[in-house]
Structures are given as C-alpha cells and as structure tokens.
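Worksheet: one structure, shown below.
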Amino acid sequence: MTFYPNQPIPLDINHHRYCRERKFPPYRHIPGFTPHPVKDPRGHSYKKEHKRSCNTTNLVLPPEKWQNNQQYLYGVDLFNFSYWWEAHEAWEEDWCKSKGNHKKFLQGLIQICAAMIKQHVCQWRGVKKLSVRGCARLSEVESNHPFYMGISLASLLHRLDLFFRNIIDHGQYNKPIDSSLLTPLPLIQLVFPKNVKQPTDTNHH
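For what it's worth, the numbering used here labels the leading residue of the sequence shown as 123, then goes sequentially.
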C-alpha cells in the first residue's frame, strides 16, 4: 500500500456507517498531493466505473426514497470519513439528473465537499466562497423542507456555520490556523423513517 502525505484525519473512525457494503478507497484524494483517482494510472478508481455517466438513462430515485439510494448513503459515509472528493463524485450523477430542491440540495453538499478540501490545504479564500455558496443552497432547501433526505438541515447548517465561521475569521494568507480555534469537523447525521431498518455496523471497511 502506498502512503500519501497530507491525508485528512476523520473526526471519528468509529462513526456509524450507512452503506457498509461499499468499501472505502485506499486514500483520500487531495489535489496536488495524491494521484487523480480516475485520470492517473495510480489512481484508486483508474479504469473503474466509479460513477455512472451523467449522459446515461439511469433514473434517479426521488428524494423521498433516499433511504434506498445506496449512492447517496455511500456519499454520506465518504463525507463523514473525510473522503470529500470521493463524496462529491458519489453525489454528482444524481445532481446532474435531479431538479428543483433535490438539485439544490446535492449542489450544496457538493460545494461543501469542495470547501472542506480547500480548508484542508489552507486555501481560505476558496473556503469562504464555496462554503457560503454551499450553505446558501442548503438554506434555500431548508426554508421549505427543514428535514430533507434524512437530514435536519437546520442542525447541519448550524454545525457548518460554526466550523467555517472560525476559518473565515482566522484564516490569513494560506497559513495554517491554530487548531485550538477550530470546531470539530461537521458530520452528516441521518435519521431513518421509523418503518425502515437502519443499517448496523459490522465492519467499517
């Protein structure tokens, strides 16, 4: 196994998984530090069908069926374990094909993923731009749907605001921020309908 520098560290390596059938990639892609997962022969998804094309005719499950959408659940797992680039990829196809609030919601999550990568490499301007845009999209959805695709958006937006506000307030000139000034990495918590059995963990990988 190849080890790469500057890998993000998940907040909780024992955090509950929602799609435990899918294994995690061997590394977290950070542009400039790791091989591009798809374009580089060393990439963890090189020549693999890591996601379906936006041009295919595969149907997107409606948002109310989110608990059956394995790609969505896997994206949540990836995000919670700091695979931000990979989470973006997991959600991208549904974003391409969705409409209305569903599209805004996924776009917001994807922009938050990009902001998380920017904060990891201390690119504070990018953090501000992407986090503001991502939170704005999620807020638009929250105004009409406080609870969307298993997520309390008010709760998630609060955690994102605390995390990114400290970065925006203290980040200067692409220099690292004192860790004592940062709040914990925001995680996505899903609440399943009462009549749906929630996945249980047996193995995180």
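Beta carbons: idealized from backbone N, C-alpha and C, even for Gly.
Check	Outcome
Cβ contact (3+ pairs, closer than 8 Å) linking the stretch 190-200 and the stretch 132-152	yes
C-beta neighbour in chain D for residue 207, strict 8 Å	Of the protein chains in this structure there is only one, and it is not chain D.
Member of 256, 140, 260 whose CA lies at the smallest distance from the CA of residue 191	140
Close beta carbons around residue 132, own chain, < 8 Å, minus the five adjacent residues each side	202, 203, 204, 307
Selection from 240, 224, 235, 182 that minimises the alpha carbon distance to residue 289	240
Rounded separation between residue 325 and residue 166 - CA only	With a pLDDT of only 49 at residue 325, under 50, the local geometry of the prediction cannot be trusted, and the value read off the model is given with reservation. Roughly 20 Å separates the two Cα atoms.
Alpha carbon of residue 157 to alpha carbon of residue 150, nearest angstrom	10 Å
Beta-bridge partners of residue 270, as assigned by DSSP	273
Distance, residue 251 Cα to residue 272 Cα	26 Å
Cut-off 8 Å between Cβ atoms - residues of its own chain near residue 315, not counting five sequence neighbours on either side	189
Start-end ranges of the beta strand (DSSP E) lying completely within the stretch 137-203, minimum 3 residues	none
Alpha carbon of residue 257 to alpha carbon of residue 274, nearest angstrom	13 Å
Spatial distance of residue 134 from residue 309 (CA atoms)	9 Å
Alpha-carbon spacing of residue 154 relative to residue 206, whole angstroms	15 Å
Buried versus exposed, by CB contacts within 10 Å (16 or more), residue 224	buried
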